[in-house]
Structures are given as structure tokens and as C-alpha cells.
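This report refers to the structure that appears directly beneath it.
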Amino acid sequence: MTLLSVKKLGLTISGTPILRDVDLDVDAGEIVGLIGESGSGKSMTALAVMHLTPVGAEKTGSVRLDGKELVGLHDRQMCFFRGTEIGMIFQEPMTALNPVMTIGDQVAETVRVHKRVGRTEAMVVARDALGRVELPEDRFPLSLYPHELSGGQRQRVGIAMAIALRPRLLIADEPTTALDVTTQAQILDLLKRLVDEDGMGLLLITHDLAVVAGLADRIAIMRYGEVVEAGETGEVFREMRHPYTRALFEASRHQPVRLAPEVRPDAVPVLDVRGVVRDYPVARRRLFAPRRFFRAVDGVSFVIHKGENVGLVGESGCGKSTLSRAILALEAIQGGHIHVEGEPVGTGASFAARRKMQIVFQDPYGSFNPRQRVGKLICEPFHLLGAEAPTGADRDRRIAEALDNVGLRSSDALKYIHEFSGGQRQRIAIARALIIHPALIVLDEAVSALDVSIRAQILDLLADLSDRMMLSYLFISHDLTVVRSITDRVLVMKAGRIVEEGETEALFRNPQHPYTRQLIAAAPHLDRALAARDIMGGNNG
Amino acid sequence: MSDAPVVLERRDNLWRAALGSRSLVIGLAITLVFVVAALVSLAWTPYDVTKLAIAIKLRPPSPEHWFGTDIFGRDILAMIMVGARTSIAVAVIAVGIGIVLGVPLGLAAATLRGTLGDEVIMRGNDLIFAFPALLIAILITAVFGPGAVNAIIAIGIFNIPVFARLARGAALSLWTREFVMSARVAGKGRARISIEHILPNITNLLIVQGTIQFSLGILAEAALSYVGLGAQPPIPSWGRMLSEAQTMISIAPHTAIIPGLAIVLTVLGLNLMGDGLRDLFDPRLRRSRL
């Protein structure tokens, strides 16, 4: 009998249909990948199984766990299943743990809720669970607090809470999306091992085809609250019966078309970074303790030529965002110097230097003041032109031109930002960066928050703009696939230093530094995962 | 483009939510009654509040005098109407002082975060906070003489740190947002960013807090005039009506109950309105109330 059997599951929230006829099976010892873009209903499916849907939700259809019907159960009865029979892991390890409880207490809490055991016994179970997620006792005592752990370790605690009572079904909602690639690889290995050891069923929800391609036995692809295609992983990738599956697959491996830039090494470089050092003062622990510093960027030097796209990769905390803020003159540097087209950049950088560079941020929702119209938002950089800033009809023409360049209509200038989707907002962010015709745009994880199909469109747009306008990009990202597709050269950063630099293709094909090798090996790669499944024979991959 | 725009009719939704929020509608209705009464009193009152008519003193409510008369035979309805004017004027100006001085201080402190300037502003605020507000208000009015103007100043001073703290806290979280970063990339100065980007995004909070401070202001004004330090005779004031009624409470209870009810209702209405506005502006709280 299948462990989890979802049949014709429908869900409406206050009358709005969210899910329609969702069919899904998970067997014991099996990993099922549930894939979809944002708003496809993949997380809502998991919440519906767990009875954790928001107020006003109405369910139809059937959800059976080991033959027992869950739809229609009272919340109190459902509490029995949560934790004991079904465990759940969430995306954000930073907020999934209670910051004022020790990790031992948090894992033991699940045990004490369900079993009539005392604190000591619960702690023994908790210890065992933490051991199974590879947090050994000598280094990770039960008395630690969440803030003393890294993101990956916190996610392990989250997993320990979910598996403490050895549930038969584990639901993992984007468990590795917030983690670095090397940590992600470790967490995925751990999940796989737990499934093998305990014979659990694992429902792995993700937007990343590469993650499931390497891991899942079967996958289901969702769009608009429906499962459009489901089946054995190899089969789905081989046949791709539904056009959406194909579109998703294409978008995941999308390669924007770019012309090779004509780099003239003798000309004044667009960006010249020499021996830059950035120290942060560390908070003093005692009143008269000597001031200590943390060196976030440690003697970094590199050059970007006109029209060249340079990638900067590294894991969180490596100093790449600090470096980008220093380049944009948002933070003071303690050593070295930065020049943009020959103009020096410092904290009091001149408008002449500032107007040569712009930035596009990661979060399409936080990048705009919600209370201004788009026309006003994208004009913000005109401030840098001072008295030369265009006015009246000239200004309107520039706005229209910038919007047109990113594929939006000039009438969009009158709208407010909440009227746009995430992908459109990112286009507006690019328009804002373009409007003063800068030489350099810093793209700080600019496509990381976007769905794959939107990401492909934005990458195409960026490639096209770079070709047409001879723009240079400093493309900061943790996503190696994206960096590989759009950059000419790559810098690999670790602990404040650049450990390797080279032409993109050469570097990816033949990484020299051990850290680069580790990064490339850990990054989920769709083609490689599929090749490992040995199904690519009949495909053009 | 394949990704369909997410069109949220935000403004329409706001109106619908506002009318659907019971506490907001009730609070607004109560507040409006008093505001209208105060405005009407500027042009017309049923009787002259300065004219004494000892012959008809302490009459219970009747068709001629809806709320009865007080110890000097003045019409209580007329006094409540004029008193509403005093209370509202004092509270509005006091909250105004708090916003006009407190918000810029808070915004300035946020831009100066981690520097001496921030410390000076915020510790100064703490200093004002550390004093018991009403006692200091009594001190101020006692030193500079009782009267509506001094009451306004006394209440207003204690509104400054409330708004400064609120503005600083909200501004600090906005300063880390990416749209503020991009304004900095555009070379805009801190003062300009504070006015252009920070202030419009904290208006919601300020309105909610303003409503609550307004009700506290009315209470404070009533308390000051109760001890004789607010508006001076012959200007009627709810607090003083209460204190004058104190000795008569056993023979003419309506003289105390009616101004008391006026104070309670106004404060209740404003608090309900503040609650409703907060629910309206903070979607996370909206669902928790029915």
C-alpha cells in the first residue's frame, strides 16, 4: 500500500481556488520531488496534507496516510499525526528554530508533546536524533542555542526535530534553498541517508530541477495548482510529455546568446580595484577590551574592462556583498583604492564617479519605495546629474527609453510598484540602473530570487543590453550555473580573498584551486545529474 | 511577457477593509460625534455657558436642559460641547508638538546611528521619559501659572520622545532596505532620503500612534483641569466640571456622570480607532481579530 496517497485534492481559500485535482503518491523509502515555480501550489499541497492551511481554507478529495483518511479529521486528531507520523522541514533555518530555547529542548519538545515521557527520557531521544543528523555530542551539546550554530547546522536541528519520533513520512519544503551550495549538498546527502536508513517516504518540494534530478525517484510538476506531469524521474525527463515540463527544463539550462566583447586591455578599465581592504570593528566584550577588527575583504584586486561581464562567486559571508558596497562607495575602505573609469571612489565619492555605476539588488520586492510611481522611481539616479538632469519632455523621453530598453511600456511609468510581478520589478530595477547610462552595473544576486522561466528572460535581457550598450557587469552570485551562462571571466572569493580568477569556460572546465573544485562539485547541475542517471542517451543534452 | 502582472487594487481594498473593521467604524463614529459637537459649539450652543442662573441650579436632565444644569445653573450640554472644544484643541496641539519635534529627532537619530548624535538624542528622550509625565505637567503649570497654553506645552513635551522613538525604530529597519540603498547609490544625502523615502513609509505608524497619543492627551488635559491647572474659568473644561461636581455627587449625580462619560467615551472612541487603524495598516494583525 502506498504510504501517502493524495487523490483529487482540491483547496479553496475564501472562495479562491488554490489547488485542483492534485494526485500524488509517496511510497515508503521513496523520494518524491514536487516541483513548481512560485505560486504553483506546491507548498500549499504540503500544508494541506499537514492540515496547516490558513483560515478560510476548504478541502475536497482525499489524503490517505497508510490507508487512513486525513481529510475531514479534527485538528486535535491531526495533532497526533503531525510529528509522530509526518515530519516537516521548512525552508528558512534562521527562523524555523525558537531563538530562546536550546537545541536539546527544541528537539525534545516534539517528543514530549507526543509521548508520555519525562524530560530526561525526551533528552535521550533528542540526543539520539541529533546524532543521526550528524551533530555529535562532543561538539554539539544539547545546551547550545540556535545562534551558536551555522545555517546548515540549524537546518540539521530542524531535521532532527522532524525525525525524532521516526515518522514514516517526511515533508521537506525547499530545505536547501536558503543554504550555500556546499552545505546544500551535505543536507541533501543527509536526507537521502535518512530515507534509506529509516525507510521513510520523503516529499521534497523545490523549484530547482537540478536538485530533484539527482535525488528523487519520482517527480511531480505543478503549475497553477495542478499537477501537469508526474512519473518516474528518468521517464519524465526523457519524455517531457507536457509542454510546461519542457519549458521548465529549457529555462533551467538556459544559455543567453552573447557576443564576445572586444576587450581592449590598454584602455582605461571600467573598474579598477587594487588591494582593497575592509575591516569591521567587532563589538567589545568588555568595557576596556582592545578594539578588534574583522577583515571582511582582504587585499582584493581585479579589473573589469569595457563591455566585459565579470562574475564574483563565493558562499555567504565570503565578503562579496561587502566588496560590492565598497565599490559603490556605500562603505569606507581601510586600504587600497578603487577607480571607476579613472575616477577615484571613496566614501565621499564625487557624483562624477557615482554616475558611472549603478546596482540591481536581489529582492524585487524590497528594491522600491512602495509609495512612489515607477516614473519617479526610475528617475532617482538623475540626482547624480545635478543641474544636467533632464527635465520636462526630455525627462519623459528618457523614462520611456529606459522602460522600452527593458521590455516594458512607457505607460508603465504612471503605475505603482505593487502592480508589477517579481520579474517585471526586476526589469524596472534594471531600467533604474540604465537611465543615466552607466558604464558598470553591479548585479548583486539579481536573478537569484526569480523563478527559472523569468530568470531566463532576465538573463536574455541582460545579455542583450550588455551587447547593445557595451555595458560591463559585475555579476555577484552564489549560483554557478547562472554565472557560467552570462559572464566572460569569473572571480572566486573565499574568506575575503580572491582565490581563483580566470576565463569562465576555462575555469569551470578546469578549476585549479581546491575551493573552486569543491564549489563546482557541490553545485547541483541538471545535465550532470541526468547523465548520472544515464538517461541522456536519447536526448540531445 | 509571460508573467502576468499581479494587480492589487490596494486602495479599494483599504476602503473595504476600513468599513469592515468594527472597531474602526465604532471608534470613528464616537470621535466624530465629539468633533462635530466641538465644531458646532463655535457657532451655536443651546445656552450661554458664561451666564449663571442660580434659580435653576442642579436640575436633572429635562426636555429644556437635556443633560440638566450644574451648580450655577449652566446648561451641561452646552458646557460639554464647549469643553469638547477645549479638550480637542489641547490634545491636537500637544500631539502636533510631539510629531513636529519628535519625528525629525527620531529620523535624525536613525541616520546618525551608532554615533554620538544618536546617543545624545535618544538619551535626551530617555531623560524626558524617566520623569512621571503628569507630575511634571503639574510642575510646569504650577510654575508658569495655570492655563490652557501651559497645559498644551506640558502635555506636548511628553509626546516628543514617544514619536522620536517610534520614528527612529521604524526608520532603522527601513535604512537596511534595498530601495534606500539604491537611493544612496543615486548619491542622495541622508536628510533627503529621510524625507523622500523614510517618512512616507512610516506615516501609517505615526497616524496610529498619533490617535493613541491624542486620547492620552485628552485624559491628561482632563486631569490637569481637574486639579485646577488646565483651562481657567469661565472656559468650560471636562476635568473641571468633574471637580466642581465632586461635592454635589450625592444630590445631583448627573453633574459628575455626564462629563465623566464624555471623557470615557472620547478616549474609548480614539483607542478603538487607533486599534482599527493598526489592524488596517498591519496585515499580520488583521486576521487575528474578527
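Chains as they are written, first to last, in my numbering: chain A, 34 to 574; chain B, 249 to 538. Where a beta carbon is used, it is the ideal one built from N, C-alpha and C, also for glycine.
Here V261 of chain A carries a strand assignment [DSSP, helix/strand/coil]. Contact annotation: in the region 428-457 of chain B, residues whose CB is within less than 9 Å of a CB in chain A are V428, M429, S430, A431, R432, V433, A434, G435, K436, R440, E444, H445, P448, N449, T451. Taking 7 Å as the threshold, the shortest C-beta distance from E426 of chain B to chain A falls below it. Ranked by how close their Cα comes to the Cα of F123 of chain A, the residues A:R189, A:R149, A:E170 have A:R189 in first place. A straight line joining the alpha-carbon of G344 of chain B with that of E478 of chain A spans about 44 Å. The alpha carbon of C412 of chain A has as its nearest neighbour, out of B:I443, B:S430, B:I466, the alpha carbon of B:S430. Listed along chain B, the residues sitting closer than 9 Å to Q391 of chain A by beta-carbon distance are S430, V433, A434.
Here Q391 of chain A is bridged, per DSSP, to A:I474. In this chain, the alpha helix (DSSP H) harbouring R226 of chain A covers 214-231. Membership of L103 of chain A in any alpha helix (DSSP H) is not indicated, and neither H nor E is assigned to it by DSSP. A distance below 7 Å separates the beta carbons of I254 of chain A and T278 of chain A.
If only uninterrupted alpha helix (DSSP H) runs of at least 4 residues are considered, those enclosed by the region 82-139 of chain A are 108-117. Around the beta-carbon of E265 of chain A, fewer than 16 other beta-carbon atoms lie within 10 Å, marking it exposed. Cβ-Cβ separation between V512 of chain B and Q461 of chain B: approximately 18 Å, too far for a contact (criterion under 8 Å). About 16 Å separates the CB atoms of Y506 of chain A and L483 of chain A; that is not less than 8 Å, and the two are not in contact. Between the C-alpha atoms of L80 of chain A and G116 of chain A there is a straight-line separation of about 14 Å.
By the Cβ-count criterion, V55 of chain A is buried, with 16 or more other Cβ atoms from all chains shown falling within 10 Å of its own Cβ. By the neighbour-count definition (other C-beta atoms within 10 Å, threshold 16), L227 of chain A is a buried residue.
Counting along the chain, the unbroken alpha helix (DSSP H) around Y474 of chain B starts and ends at 447-474. The three-state reading of DSSP puts P50 of chain A in strand, counting E and B together.
For R442 of chain A, the secondary structure class from DSSP, reduced to helix, strand or coil, is coil.
Excluding its 5 nearest sequence neighbours in each direction, A562 of chain A has C-beta neighbours in its own chain below 7 Å: A243, A246, G247, listed in chain order. Below the 9 Å Cβ cutoff, chain B contributes A431, A434, G435, K436, R440 as neighbours of H416 of chain A, in chain order.
Ranked by how close their Cα comes to the Cα of E207 of chain A, the residues A:V144, A:L67, A:G89, A:A359 have A:L67 in first place. Around the beta-carbon of S73 of chain A, 16 or more other beta-carbon atoms lie within 10 Å, marking it buried.
Taking R324 of chain A as reference, the option from A:Y313, A:T135, A:V65, A:A565 with the minimal CA-CA separation is A:Y313. Under the 7 Å criterion on CB atoms, G258 of chain A is classed as non-interfacial with respect to chain B.
Here DSSP, grouped into helix, strand and coil, assigns I432 of chain A to helix. Taking the C-beta atoms as reference points, V288 of chain B is found no nearer than 7 Å to E469 of chain B.
A277 of chain B carries a helical assignment under DSSP once its states are collapsed to helix, strand and coil. In this structure, the beta-carbon distance from R307 of chain B to H313 of chain B falls below 7 Å.
Runs of the beta strand (DSSP E) lying entirely within the region 329-395 of chain A, each at least 3 residues long, are 342-346, 368-373, 376-378, 390-393 in chain order. The beta-carbon distance between P403 of chain A and I450 of chain A, rounded to whole angstroms, is 6 Å. This is short enough to meet the 8 Å contact definition. Beta-bridge partners assigned by DSSP to F327 of chain A: A:Y313. Distance from Q395 of chain A to R311 of chain A at the Cβ level is roughly 20 Å; contact not present, criterion being Cβ atoms closer than 8 Å.
From the listed residues A:R307, A:D60, A:E70, the smallest Cα separation to R251 of chain A is found for A:D60.
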